[in-house]
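Asks:
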Amino acid sequence: MPDDPTHARPLPAAEAPSAGSPVPGGHLLTRLDAHVHSWASDGPAVAALGLMGVPECYSPPEKVYDQAKARGMDLVTITDHDTVKGAMELVERGFQGFIVGEEVTVYFPEDRCKLHVLVWGLTPAKHEDIAALGLRDDVYAFARWLREQNLAHSLAHPLYVQNGRLAREHVEKCALLFKCFEIVNGAHSSIAVEPIRAFLDALTPDRIDEYAARYGFEPIWPRAWEKGRTGGSDDHGLLNIGRTWTELDPVLGTDGQPRKVTDPAEFMRRVMGGFSRPGGDAGHSSLLAHQFTTVGANFYKDRFGARTSTTGKAVASRLLRFAGIEMDKPSRKRMAVAYAKRRLLKRKKTHPLVGALRQSIGPVLEQYPDLRDRLRPDEWTGGAAISQHDRMASFIDDLLDGLRVSLAPGARRSLARRDKAAMIDHIAAYAMVEAAQLPYIYSLFHQNKERVFIEKFTHDISSPGSGASVLERPMRVLLFTDTLGDVNGVTRFIYNMADIGARTGRDLQVVTSTNFPVAESAYVHNFKPIAAGKMPKYENLEFVLPPATRILRFADKHQPDAIHISTPGPIGLVGFLTARMLRVPVLGVYHTDFPAYIDNLFEDPGMTFLCQKAMRAFYKPFQTIFTRSKSYIQSLGAIGLDERKIVALKPGVDTTTFSPQFRTDRIWEATGVPKRSVKAIFVGRVSVEKNLPMLTPIWKQVHEECRRRGLDADLAIVGDGPYRARMQRDLRGCRAHFLGFRHGQELSELYASADMFLFPSITDTLGQVVMEAQAAGLPVLVTEMGGPKEVMEDGRTGHVLGHKNPEQWVDAIVGLIADNARRAEMSRAAIDAMQSCSLEQSFEEFWAAHEIAWRQHLATIGITPKSERQALVEVRDLSGVKAASV
Numbered sequence: 000m001p002d003d004p005t006h007a008r009p010l011p012a013a014e015a016p017s018a019g020s021p022v023p024g025g026h027l028l029t030r031l032d033a034h035v036h037s038w039a040s041d042g043p044a045v046a047a048l049g050l051m052g053v054p055e056c057y058s059p060p061e062k063v064y065d066q067a068k069a070r071g072m073d074l075v076t077i078t079d080h081d082t083v084k085g086a087m088e089l090v091e092r093g094f095q096g097f098i099v100g101e102e103v104t105v106y107f108p109e110d111r112c113k114l115h116v117l118v119w120g121l122t123p124a125k126h127e128d129i130a131a132l133g134l135r136d137d138v139y140a141f142a143r144w145l146r147e148q149n150l151a152h153s154l155a156h157p158l159y160v161q162n163g164r165l166a167r168e169h170v171e172k173c174a175l176l177f178k179c180f181e182i183v184n185g186a187h188s189s190i191a192v193e194p195i196r197a198f199l200d201a202l203t204p205d206r207i208d209e210y211a212a213r214y215g216f217e218p219i220w221p222r223a224w225e226k227g228r229t230g231g232s233d234d235h236g237l238l239n240i241g242r243t244w245t246e247l248d249p250v251l252g253t254d255g256q257p258r259k260v261t262d263p264a265e266f267m268r269r270v271m272g273g274f275s276r277p278g279g280d281a282g283h284s285s286l287l288a289h290q291f292t293t294v295g296a297n298f299y300k301d302r303f304g305a306r307t308s309t310t311g312k313a314v315a316s317r318l319l320r321f322a323g324i325e326m327d328k329p330s331r332k333r334m335a336v337a338y339a340k341r342r343l344l345k346r347k348k349t350h351p352l353v354g355a356l357r358q359s360i361g362p363v364l365e366q367y368p369d370l371r372d373r374l375r376p377d378e379w380t381g382g383a384a385i386s387q388h389d390r391m392a393s394f395i396d397d398l399l400d401g402l403r404v405s406l407a408p409g410a411r412r413s414l415a416r417r418d419k420a421a422m423i424d425h426i427a428a429y430a431m432v433e434a435a436q437l438p439y440i441y442s443l444f445h446q447n448k449e450r451v452f453i454e455k456f457t458h459d460i461s462s463p464g465s466g467a468s469v470l471e472r473p474m475r476v477l478l479f480t481d482t483l484g485d486v487n488g489v490t491r492f493i494y495n496m497a498d499i500g501a502r503t504g505r506d507l508q509v510v511t512s513t514n515f516p517v518a519e520s521a522y523v524h525n526f527k528p529i530a531a532g533k534m535p536k537y538e539n540l541e542f543v544l545p546p547a548t549r550i551l552r553f554a555d556k557h558q559p560d561a562i563h564i565s566t567p568g569p570i571g572l573v574g575f576l577t578a579r580m581l582r583v584p585v586l587g588v589y590h591t592d593f594p595a596y597i598d599n600l601f602e603d604p605g606m607t608f609l610c611q612k613a614m615r616a617f618y619k620p621f622q623t624i625f626t627r628s629k630s631y632i633q634s635l636g637a638i639g640l641d642e643r644k645i646v647a648l649k650p651g652v653d654t655t656t657f658s659p660q661f662r663t664d665r666i667w668e669a670t671g672v673p674k675r676s677v678k679a680i681f682v683g684r685v686s687v688e689k690n691l692p693m694l695t696p697i698w699k700q701v702h703e704e705c706r707r708r709g710l711d712a713d714l715a716i717v718g719d720g721p722y723r724a725r726m727q728r729d730l731r732g733c734r735a736h737f738l739g740f741r742h743g744q745e746l747s748e749l750y751a752s753a754d755m756f757l758f759p760s761i762t763d764t765l766g767q768v769v770m771e772a773q774a775a776g777l778p779v780l781v782t783e784m785g786g787p788k789e790v791m792e793d794g795r796t797g798h799v800l801g802h803k804n805p806e807q808w809v810d811a812i813v814g815l816i817a818d819n820a821r822r823a824e825m826s827r828a829a830i831d832a833m834q835s836c837s838l839e840q841s842f843e844e845f846w847a848a849h850e851i852a853w854r855q856h857l858a859t860i861g862i863t864p865k866s867e868r869q870a871l872v873e874v875r876d877l878s879g880v881k882a883a884s885v
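Structure, rendered in C-alpha cells:
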C-alpha cells in the first residue's frame, strides 16, 4: 500500500499497465454512495420518537435507486439498520448494478460499546446468520465471521459516540478487527474526517503489532495497516443520496483501454484492497435538521393526513412539497364548500397561523426562486427544496420572521379586545413558529456532542509538533454582548479588546443583536433581532429578542474554544447556551453593579434581593469572572459567588484617542458653550443610577458661589438618558449645557477642552470615563463608592469625595475653578498616571485568562501537553483563575 491509501495504488514505474490495473481517468471514475437507508430502517432515530412510533426513514427503495443514478452513481446500495428487507426488494425486481448491504449493530462484549458496521454482498441467509449466531453482541466474533465469509465491510462513522462508551481504545481495537473504515459520512460533522484519516495514515506494521500486544489478540485481516476507505451519505430522506460517495479509478480492460469497475463484486474487492477513496460532503447541523424534518413530515402525512381538515390539507400539501412529499390537495370546489360551511355554521375564523402562512410564504418564496423551482413533483430526483440545506435554512429563518410580523397585528387586536380565545390562538401560533426551530437547535447540539471526544482522540494520536493537537493551534473566543449600540465605557472596552485582538492576530469575534447602529467590522457580528423595544425611561437602551438559532449556527461554524459573556441580558443567555452546545468554558465581566442600580432606582430591599439572586444564578457557572476593580471582589463574594473565580482585570485606556492634543476652543463654539470659562464636564448616561440627582443641587450651589465670587464656570453634560429633561429643567439658568451623545474625535475634543471631570456615580464597577478624562488631562472628582476611586490618585489626580457630603463636592469644585495652578498640576499628574494604563497590557491579561481557562478545561478532559513545545503557552499566571467544562 502507498503512504496514503485513500488514493489508488500507482503502477510501478518500470512496468507497463496490464489488464485490471488502475489508471488515471476522471471521466471514468466509478462511484457508489456506500451508506444509504430506505423505509426498511424502521427503528426510531431518537429514542423519544420511538415512543410515538416514528421510524427513522420513509424512503422507498426504488426512489433511493433512482436518485442515486440521477446523481451520477454507477452502482447503488441500500444499507438499512439490521435488515436487508429494503435491499432485497430491488434484487427481487431485477435492478442492475445493485449491491445488497446492511448497517449491522454490534457491541463490544466487555462494556457494551456500540458500533455500526456496513456490510455488503449479503444474502438473506447470511443476514439471518448474524442473529442466529449471536454476532451482534460480540464484535470479535462478528469480525471473525466477516473474515470467514470474506464479506466487504466498513466501520461506519468510527468516531460517533453512540451510547456514551466509545474511547480511543475501542477505535484501536477496530484497527485489528476491520479492513475498511468510513472516512466521510454525509450526515455526521466534518470535524471527524481528518482525525480518523490521520489515525489510519499513522498505521504501520509496528503499530498494529503494538495494538495486538496491548489488547491480546491478532489482527483479523492480513496487512491490517492497509485500510480501505469509504464514504456515504447516510441519507434517511431522499435528500443527500449521491452527495457523498466511494470512488475507484478506472482500470485497464483486456483490450488495453481504461474502463469503469461496473461489476459489484469487483468493485467491492477493490474497496477491500485499499484502492478506493471517499468523496463528497460531510454532514452539518442544517442537513441533519432537514433529515429529521423530512421524517416528521412523512409521519404527519401517514398518521394525520387523512384526518386533516380541508383547509389543513390545502396548507399541508403546499408545505410538504418542500420535503418532496406529495399529498392530495383539495379541489377548489371542496375548498369553496368548506368555506361556505364555516360561514353557515358560524365557526371561528381561520387559525391565525394559517392566515399568517398564506400572507407570508409567497413573498418570502419569491426571494428563493431556486427553492421554488424544486417544488415541482418531477424535481424529486434532483432533490427536494429541503435538500438545498444552506438555502433552506435561510428560507426558514426568513419565513419565521415573516410569520412573526404577520401574527403581530392580530395578537395586538386580541389583547386590546380582551378576546381570550383569540389570545390563546395567537399564543399557540407563536409557540408553533418557535417550535419550527427545534430540529435546527437539536441538530446543532447533536452534531457537537462528539467535540470533546474528537479533540482528545486527535491529541492522543498526534505527534508533538505535527500541529494536529488542539494544544498546537491558536485559541478562538466568541464575545457576547447586549450593549454595543450604546455609547458607554462597556462598549468602548469591547471595541478596544476586539481591535487589539485583530491587530495582534488573535481570533476574538464579537456577537450582538441590536437595531442601533454598530460600527462595521470583520470581527463584529450584529444579528438582526426577532423583536426589539426601547427600555422604559431609557430610550437609548434596547431590550431585544435575539435570533438564537442564527447565532448558534454561526457559533457552530466558527467553533470557538471559549465563550466570553459581557452582559447578563438576552444575548448573554444565548452566549451561555452556545457554551453548553459547544462544551467549552464560559467567562465574563461583571461590568455593571445591577443590585446597586436597582437599589438606587427603586429603594426596595425585596427587589434588590431578587436582583442579587438573579446575578448569583447567572454568574455562578462561569469559570472566570472578571471585575474591573478590586473593590468588587468582596462585593461579588457577598452575593454568593466564589471569590477564587474572580479576577480584577487591569484597567486600560486609549491614550491616543483621549489626549490633551485634542484641546481646542472650536469645540465650544460649535456647541454653544462660552469658550473663556472654566468648564466642568460629565460624560455618561444621564440617569438616576449615575447619581446625577446629587450633582444637580451641587452645581446649583457651585453656580451661586461662582457668581458671588466672580468666577466664570460652565457645566457640560455629554450623554443622554431618562433624567436629562428633569436635570435640564432644574438647572435652567445655572450655565449647564446638555450636549447629548458625542462620538469619535468630537468626544475626544470635548474631554481635552474641558478643565475638570465630575463623576458622582456610586454604582460603577470601574468608570472607564474617569480614565479617559485623566488621559485627556482633566482632574477628576469621584465618590468613595465603587470602582472609579481605584483608577485615580486622591489629592494628586483629583479628589475622592463623600457621596453623602454635597458641601464637600461644592468646596472641591469651586476650589479647582478658582485655582488655575492646582488644576494644571493635577492635569499633568493625571496624564502621567494614565501612561502606565496601557490598553495593550489590559488586553494581554484579558486574553491570558481565557487561555488559562481553555487549557484548564482541556486538562479536565485529559488533554495535557505531551512535549515542552505544547507546554509553552504565552500566558501569565493569574491567581484565582479556575476553569472547568460547562
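The sequence shown runs 0 to 885 under numbering that gives the first Met the number 0.
Glycine is no exception: its CB is placed at the ideal position from the N, C-alpha and C atoms.
1. Just mark G230 as buried or exposed, buried being the case when its beta carbon has 16 or more other beta carbons within 10 Å.
2. Under 8 Å between the Cβ atoms of G720 and R684?
3. My output table needs one value for I77: the three-state DSSP class, helix, strand or coil.
4. Which value, in whole angstroms, describes the spacing of the CA atoms of A296 and A847?
5. Give me the Cβ distance between T548 and I562, rounded to the nearest whole Å; I'm assuming they're in contact under 8 Å.
6. Can you tell which of M72, I98, S153 and L74 has the C-alpha that lies nearest to the C-alpha of V83?
7. Just to confirm the assignment, what range does the beta strand (DSSP E) spanning T561 have?
8. Runs of 4 residues minimum, wholly inside the region 77–121: which ones carry the alpha helix (DSSP H) assignment?
9. Three or more C-beta pairs closer than 8 Å, one from the region 654–668 and one from the region 750–767: is that the case here?
10. Please name the residue in T626, A637 and F621 whose C-alpha comes closest to that of Q611.
11. Is the region 163–170 touching the region 448–467 in the sense that three or more CB pairs, one from each, lie closer than 8 Å?
12. Verify whether the separation of the beta carbon atoms of G273 and C56 is less than 8 Å.
13. Closer than 8 Å is the cut-off here; do at least three beta carbon pairs connect the region 95–110 with the region 131–143?
14. How long is the line joining the alpha carbons of F758 and T490, rounded to whole angstroms?
15. Could you tell me the distance, in whole angstroms, from the CA atom of V687 to the CA atom of L609?
16. Does D2 come out as helix, strand or coil in the three-state DSSP assignment?
17. Check the DSSP bridge columns for T623 and list the partner residues they point to.
18. What did DSSP end up calling F444 once you bin it into helix, strand or coil?
19. In three-state terms, what does DSSP make of A18?
20. Suppose the cutoff is 7 Å on Cβ atoms and the five residues either side in sequence are ignored; what does the same chain contact list for E886 look like?
21. Round the Cβ separation of K455 and V160 to the nearest angstrom and send it over; I've been treating them as touching at under 8 Å.
22. Evaluate G464 with the Cβ neighbour count: other Cβ atoms within 10 Å of its Cβ, from every protein chain shown; 16 or more gives buried, anything less gives exposed.
23. Note the first and the last residue of the continuous alpha helix (DSSP H) segment covering F845.
24. Can you check which of these residues, R795, T762 and G776, is closest to M755 by C-alpha distance?
25. At what residues does the beta strand (DSSP E) containing M474 begin and finish?
26. Is the number of C-beta pairs between the region 628–635 and the region 828–836 that are closer than 8 Å three or more?
27. Could you tell me which whole alpha helix (DSSP H) segments of length 4 or greater appear in the region 127–164?
28. Relative to the C-alpha of F737, which residue among Q290, G671, L154 and M326 is closest?
29. For R643, does the count of other Cβ atoms within 10 angstroms reach 16, so buried, or fall short, so exposed?
30. Could you please give the first and the last residue of the uninterrupted beta strand (DSSP E) stretch that includes V682?
31. Could you give the distance in angstroms between the alpha-carbon of F303 and the alpha-carbon of I385?
32. Find the nearest neighbour of G227 within the set A155, A67 and L815, judged by alpha-carbon distance.
33. Quick check: what's the CA-CA separation for C733 versus T607?
34. Roughly how many angstroms lie between the CA atoms of S565 and H524, to the nearest whole one?
35. At which residues does the beta strand (DSSP E) containing Q727 begin and terminate?
36. Using the three-state DSSP reduction, which class does N184 fall into: helix, strand or coil?
Replies: To lay it out plainly:
1. Result: buried.
2. A contact, by the Cβ cut-off of 8 Å.
3. In this structure, I77 counts as strand in the three-state DSSP scheme.
4. Roughly 49 Å between the two C-alpha positions.
5. About 17 Å separates the CB atoms of T548 and I562; that is not less than 8 Å, and the two are not in contact.
6. Taking each of M72, I98, S153 and L74 in turn and checking the Cα distance to V83, the smallest one comes out for I98.
7. Checking the sequence, you will find Ala at residue 561 rather than Thr. Judged by DSSP secondary structure, A561 falls within the beta strand (DSSP E) whose first and last residues are A561 to I564.
8. You should have 84–91.
9. Touching, yes, given that three or more Cβ pairs across the two stretches are closer than 8 Å.
10. Nearest in C-alpha terms to Q611, of all of T626, A637 and F621, is A637.
11. Using a Cβ-Cβ distance cut-off of 8 Å, the region 448–467 and the region 163–170 are in contact, since at least three pairs of beta carbons, one from each stretch, lie closer than that value.
12. No, these two residues do not count as a Cβ contact at 8 Å.
13. Touching, yes, given that three or more Cβ pairs across the two stretches are closer than 8 Å.
14. It is roughly 18 Å from the alpha-carbon of F758 to the alpha-carbon of T490.
15. Distance between the alpha carbons of V687 and L609 is about 20 Å.
16. The predicted position of D2 is uncertain, since its pLDDT is 38 and thus under 50; a value taken from the coordinates is nonetheless stated next. DSSP places D2 in coil when its eight states are reduced to three.
17. Paired residue(s): L586.
18. The answer is helix: DSSP assigns F444 an H, G or I state.
19. Low confidence applies here, because A18 scores a pLDDT of 48, under 50, leaving its location unreliable and the question unanswered by this model.
20. Since the first and last residues shown for the chain are 0 and 885, residue 886 lies out of range.
21. That belief does not hold up - the Cβ atoms of K455 and V160 are roughly 11 Å apart, past 8 Å.
22. Exposed.
23. Note, F845: alpha helix (DSSP H), L838 to T859.
24. Of the candidates R795, T762 and G776, the one whose C-alpha sits nearest the C-alpha of M755 is G776.
25. Per DSSP, M474 lies in no beta strand (DSSP E) segment and is marked neither H nor E.
26. Verdict: no, contact absent.
27. If you keep only unbroken alpha helix (DSSP H) runs of at least 4 residues inside the region 127–164, you get 138–148.
28. From the listed residues Q290, G671, L154 and M326, the smallest Cα separation to F737 is found for G671.
29. R643 sits exposed, since fewer than 16 C-beta atoms from the chains shown fall within 10 Å of its C-beta.
30. For V682, the enclosing beta strand (DSSP E) stretches over residues V677 to V682.
31. Rounded to the nearest angstrom, the two C-alpha atoms are 21 Å apart.
32. The option with the nearest alpha carbon to G227 is A155.
33. Cα to Cα, C733 sits roughly 35 Å from T607.
34. Those two C-alpha atoms are separated by around 15 Å.
35. For Q727, no beta strand (DSSP E) run applies; the uninterrupted alpha helix (DSSP H) run containing it begins and ends at R723 to D729, by DSSP.
36. Judged by DSSP in its simplified three-state form, N184 adopts strand.
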